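Heads up: the sequence shown begins at 371 in my numbering, then just goes up one per residue.
Glycine included, C-beta positions come from ideal geometry on N, C-alpha and C.
Here the structure is a predicted model, which is why all the values come from computation and not from measurement.
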Amino acid sequence: MAHSFHVKSSQLHLKWSKALTPVLTVPSGAELSFDLRDGGNNQIRPDNAATALADFDFALTDPAMGPVFVEDAAPGDVLKVEFLELTPSDYGWTAIFPGFGLLADEFPEPQLKVWDLTDAGLTPSSSPGGMRRAVFRPGIEVPVEPFLGVVGVAPATDEELPTIPPYAASGGNMDCRYLSRVGSTLYLPVNVAGALFSCGDGHAAQGDGEVCGTAIETPMLARLRLTVEKKAVRDAKGWALNCPHYVTPPLTREQLEAKLAPADKGEYAALGIHEDIREASRMALRGLLDWLVAEKDLSRPEAYMLASVSSSLKMAEVVDMPNYAIACSIPLNVFTE
371 MAHSFHVKSS
381 QLHLKWSKAL
391 TPVLTVPSGA
401 ELSFDLRDGG
411 NNQIRPDNAA
421 TALADFDFAL
431 TDPAMGPVFV
441 EDAAPGDVLK
451 VEFLELTPSD
461 YGWTAIFPGF
471 GLLADEFPEP
481 QLKVWDLTDA
491 GLTPSSSPGG
501 MRRAVFRPGI
511 EVPVEPFLGV
521 VGVAPATDEE
531 LPTIPPYAAS
541 GGNMDCRYLS
551 RVGSTLYLPV
561 NVAGALFSCG
571 DGHAAQGDGE
581 VCGTAIETPM
591 LARLRLTVEK
601 KAVRDAKGWA
611 LNCPHYVTPP
621 LTREQLEAKL
631 APADKGEYAA
641 LGIHEDIREA
651 SRMALRGLLD
661 WLVAEKDLSR
671 PEAYMLASVS
681 SSLKMAEVVD
691 MPNYAIACSI
701 PLNVFTE
């Protein structure tokens, strides 16, 4: 069943609340398009790059477009969200904000990188079906893999909740590059009548961890399908959904070949080991930054931003207490020279 509904970029909210008035009411199974602002609420653009960080208002960040009331959705049900199409804008940005990010105490100065995401600015894939690449600087290119950072439903609480953190019971600003890319399916617990679904925060690329606090942030045109799965179906199987779950699509043969030989050159990683998982992550990230500065001739802020859009934090070992082992890795195929 296909329907035609559209949510405008002006139809946004900055708090999650079950008291919000829906901007649309749609039947289960509806396809919707969303004109999405980026995670900075479109405050940073190529035309104002020189002054954008100085004028930036954090109170306006992580806007969610919506909410959408889905008919027949009731508390205890599940909202199935299918990501059908994601189209980034012709520009993106990555920034270091003072006081924000995994190494905030080590990067007190603001820094901004504006990316060219036009057809002319992107490097074509070297193989059929492969991903185009955004140029960080000559010799360093990052694959463009669009996804949405903010995807969620209204919470059950009477309180208004900020949109910056994610929530187990309702999703939100999860910044997980797998759950909302094209072909993925996300399952969210329904907490209130109609679910009150919203989304936003387009990303052209991001590493696992988004370590400097930003990805390649970009406005996005998104097409999604929303379907209600009734509580009785899961009750019959003997389990309930208490947090977001997702399924990713299989890679096509062309995508698999592009990720493997000859493009894949392996990865470089630093391993942080500490009894505090956050400190282990910080240690691993510092190690990777040290290598990028020494071996790839990057400034430390450049290395931090490149890590945020292309490196990945991984829980390598979490059972041999008291210490955790966290890897921070970067794929070597981002280096084309």
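* 8 Å contact criterion, which G570 and M653 should meet: CB distance rounded -> That pair is no contact at about 33 Å.
* **Identity of the residue in P433, F404, G462, D646 nearest N418 by Cα** => Check the Cα spacing between N418 and each of P433, F404, G462, D646: the tightest is with G462.
* To do: For my contact list, E699 and E649 are in at a C-beta cut-off of 8 Å; report their separation, rounded to the angstrom.
  => In the sequence under discussion, the amino acid at residue 699 is Ser, which differs from the Glu named in the question. That pair is no contact at about 18 Å.
* Where do the ends of the beta strand (DSSP E) carrying D571 lie? -> Counting along the chain, the beta strand (DSSP E) containing D571 begins and ends at 567-573.
* Determine, using beta-carbon pairs with one atom in the segment 509-523 and one in the segment 571-588, whether at least three such pairs fall under 8 Å. => Yes, the segment 509-523 is in contact with the segment 571-588.
* Asked: Which class does W661 belong to by DSSP, given the choice of helix, strand or coil?
  -> Of the three classes helix, strand and coil, the one that applies to W661 here is helix, per DSSP.
* Asked: Is the segment 449-459 close to the segment 584-598, with three or more CB pairs under 8 Å?
  -> At 8 Å Cβ cutoff, the stretches touch.
* Asked: DSSP on V679, reduced to helix/strand/coil?
  -> In this structure, V679 counts as helix in the three-state DSSP scheme.
* **Bridge partner(s) assigned by DSSP for R593** => Beta-bridge pairing links R593 to S403, E455.
* To do: Identify whether I586 lies in helix, strand or coil by the three-state DSSP scheme.
  => Coil.
* Asked: So, helix, strand or coil for A420, using DSSP?
  -> If DSSP states are grouped into helix, strand and coil, A420 belongs with coil.
* To do: Taking A695 as part of the alpha helix (DSSP H), name the residues at either end of that continuous run.
  => From DSSP, A695 is part of no alpha helix (DSSP H) but of the beta strand (DSSP E) over 694-701.
* Asked: Can you name, in chain order, every residue of its own chain whose Cβ lies under 6 Å from the Cβ of I647, other than the five neighbours on each side?
  -> Contacts found: Y694.
* To do: Helix, strand or coil for K388, going by three-state DSSP, please let me know.
  => Residue state for K388 is assigned as coil, using DSSP reduced to three classes.
* **Residue from M691, P619, P614 with nearest C-alpha to I643** => Shortest Cα-Cα distance from I643 to any of M691, P619, P614 involves M691.
* To do: Determine the extent of the alpha helix (DSSP H) in which D605 is found, giving its start and end residues.
  => First-last of the alpha helix (DSSP H) with D605: 601-607.
* Mind checking whether V438 and F517 have CB atoms under 8 Å apart? -> In this structure, the beta-carbon distance from V438 to F517 does not fall below 8 Å.
* To do: Run the CB neighbour count on S669, radius 10 Å, all protein chains shown included, and call it buried at 16 or more, exposed below.
  => Result: exposed.
* **3-residue-minimum beta strand (DSSP E) runs that sit fully inside the segment 476-537, ordered along the chain** => With a minimum length of 3 residues, the unbroken runs of beta strand (DSSP E) contained wholly in the segment 476-537 fall at 481-486, 503-507, 510-513, 517-522.
* Count the C-beta pairs between the segment 466-478 and the segment 659-674 that are closer than 8 Å, then say yes if the count reaches three, no if not. => Output reads yes: the segment 659-674 touches the segment 466-478.
* Where A563 sits in the DSSP three-state scheme -> Three-state DSSP puts A563 in coil, outside helix and strand.
* Element boundaries [beta strand (DSSP E), containing Y461] -> Start and end: 461-466.
* Three-state secondary structure (DSSP) at K666? -> In this structure, K666 counts as helix in the three-state DSSP scheme.
* **Element boundaries [beta strand (DSSP E), containing Y616]** => Note, Y616: beta strand (DSSP E), 615-617.
* Report, in whole angstroms, the separation of the C-beta atoms of L558 and P614, which I expect to be a contact under 8 Å. => Approximately 6 Å separates the beta-carbon atoms of L558 and P614; this is inside 8 Å, confirming the contact.
* **Supposed close pair G577, F470 - CB separation, criterion 8 Å** => At roughly 16 Å, the Cβ-Cβ gap does not stay under 8 Å, so G577 and F470 are not in contact.
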